[in-house]
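A.B. asks:
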Amino acid sequence: MIAKSILLVEDNPQDEILTLRALERAKLANRVEVVRDGQQALDYLFCEREFVHRAGSGLPAVVLLDIGLPRLSGLEVLERLRADPRTALLPIVMLTSSDDQSDRLKSYQNGCNSFVRKPVGFAEFAETVAALGLYWLVTNEKPPER
1 MIAKSILLVE DNPQDEILTL RALERAKLAN RVEVVRDGQQ ALDYLFCERE
51 FVHRAGSGLP AVVLLDIGLP RLSGLEVLER LRADPRTALL PIVMLTSSDD
101 QSDRLKSYQN GCNSFVRKPV GFAEFAETVA ALGLYWLVTN EKPPER
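This is how it looks when you write it as structure tokens:
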């Protein structure tokens with residue numbers, strides 16, 4: 001059985017470190033891949049450009065996707081992933097600092113599975129990320145293969 005992985009799409013180095021540390025503290029031994037902009041996320045998931053070597057590797061168990069990304073926003077990434085049959089059912093959690101109601105509405109309208117605002121304090125942030133990791137990697141059952 002292939003271990004479930006997480007794709008973290010995060011352009012803020014500090015938030016990346018905090019997220020990785022929180023997952024480690026939760027003792028989630030799963031692999032976490034990190035990409036730093038929207039185009040890189042699409043390239044990773046569709047095994048293109050610098051990630052062509054991933055062909056046949058399968059999809060992560062969940063994508064933790066920030067909204068405010070360079071090149072392509074998280075909302076644009078979400079829209080493209082939902083439009084493609086290969087990633088239409090991939091679990092996507094918007095993990096963002098945004099508290100803009102229109103971002104939340106657009107995220108759900110474009111098919112995100114969850115919208116989670118990043119807490120400010122590390123302890124609360126770590127708790128939130130740990131809960132996300134446990135839910136999506138352990139508790140959630142993915143849809144059956146088509």
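When the letters of the sequence shown are read in order and numbered with this note's numbering, they come out as residues 1 to 146.
Beta carbons: idealized from backbone N, C-alpha and C, even for Gly.
What is the DSSP secondary structure of V129, reduced to helix, strand or coil?
C.D. replies: helix
A.B. asks: For I92, which beta-bridge partners are listed by DSSP?
C.D. replies: V63
A.B. asks: In the structure shown, what three-state DSSP assignment does L81 receive?
C.D. replies: helix
A.B. asks: Rounded to the nearest angstrom, what separates L105 and Q40 at their Cα positions?
C.D. replies: 24 Å
A.B. asks: At which residue ranges does the region 21-66 contain complete beta strand (DSSP E) runs of 3 or more residues, listed in the order of the chain?
C.D. replies: 32-35 and 62-65
A.B. asks: Determine, using beta carbons only, whether S73 and V93 come nearer to each other than 8 Å.
C.D. replies: no
A.B. asks: Measuring straight from C-alpha to C-alpha, what distance separates C47 and D37?
C.D. replies: Approximately 15 Å between the Cα atoms of the pair.
A.B. asks: Report back the beta-carbon spacing between E50 and S5 to the nearest angstrom; my notes put them in contact at under 8 Å.
C.D. replies: The pair is not a contact, with the Cβ atoms about 17 Å apart (cut-off 8 Å).
A.B. asks: Answer yes or no: do P60 and L18 have a C-beta to C-beta separation smaller than 8 Å?
C.D. replies: no
A.B. asks: Say the cut is 7 Å; is the CB of F115 nearer than that to a heavy atom of the ligand HEM?
C.D. replies: Inclusion of the ligand HEM in the displayed structure is not the case, the ligand content being empty and no account of it being possible.
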